[in-house]
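Asks: Mind looking over this structure? Questions follow.
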Amino acid sequence: MKMPEQQKVTRREIRNSQESIAKSAARFNVNPKTIIKWRKREYTKNLPMGMCLRRSNLACKVDEEAIVTFRKMTELPLDDELYSLKGTILASSFRRCLQRHSCSVYLKNTA
-18 MKMPEQQKVT
-8 RREIRNSQES
2 IAKSAARFNV
12 NPKTIIKWRK
22 REYTKNLPMG
32 MCLRRSNLAC
42 KVDEEAIVTF
52 RKMTELPLDD
62 ELYSLKGTIL
72 ASSFRRCLQR
82 HSCSVYLKNT
92 A
């Protein structure tokens, strides 16, 4: 969605203004927090709305891949796998990692 030109101009004026925050807020008829926000930014575009990318609490992607591979290779119960990784990862991080990669639950073959 394209942003109106007037909005860009107003935000640029806010960023470049040398007035105090209170005077700028009164001049542009906005909340002082808005003035602070736009002065911190280096651009006039809106930030995208919606959910942010989910980040892992684990150290890196390699750790996450190692945990998933370990889970797929050893079909142990979750608690046993967590015990074998004891001291390197929290239980909640371990379970979230497996849920992200859809391998937190293995169904037993009934055939």
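Under my numbering, the letters of the sequence shown match residues -18 to 92, in that order.
Positions of the beta carbon are idealized from the N, C-alpha and C atoms, including for glycine.
I'd like to know whether the C-beta atoms of F75 and L63 end up nearer to each other than 8 Å.
Replies: It is a contact, given that the beta carbons lie within the stated cut-off.
Asks: Could you tell me whether the Cβ atoms of N(-3) and A6 are closer together than 8 Å?
Replies: no
Asks: For C78, tell me which candidate among K67, D60, D44, K14 has the shortest Cα-Cα distance.
Replies: Nearest to C78 by C-alpha distance, out of K67, D60, D44, K14, is D44.
Asks: Would you say T(-9) and F9 are within 8 Å of each other, going by their C-beta atoms?
Replies: Remark: C-beta atoms of T(-9) and F9 approach each other more closely than 8 Å.
Asks: According to DSSP, simplified to helix, strand and coil, what is L71?
Replies: coil
Asks: Could you compute how far the alpha carbon of L59 sits from the alpha carbon of H82?
Replies: 14 Å
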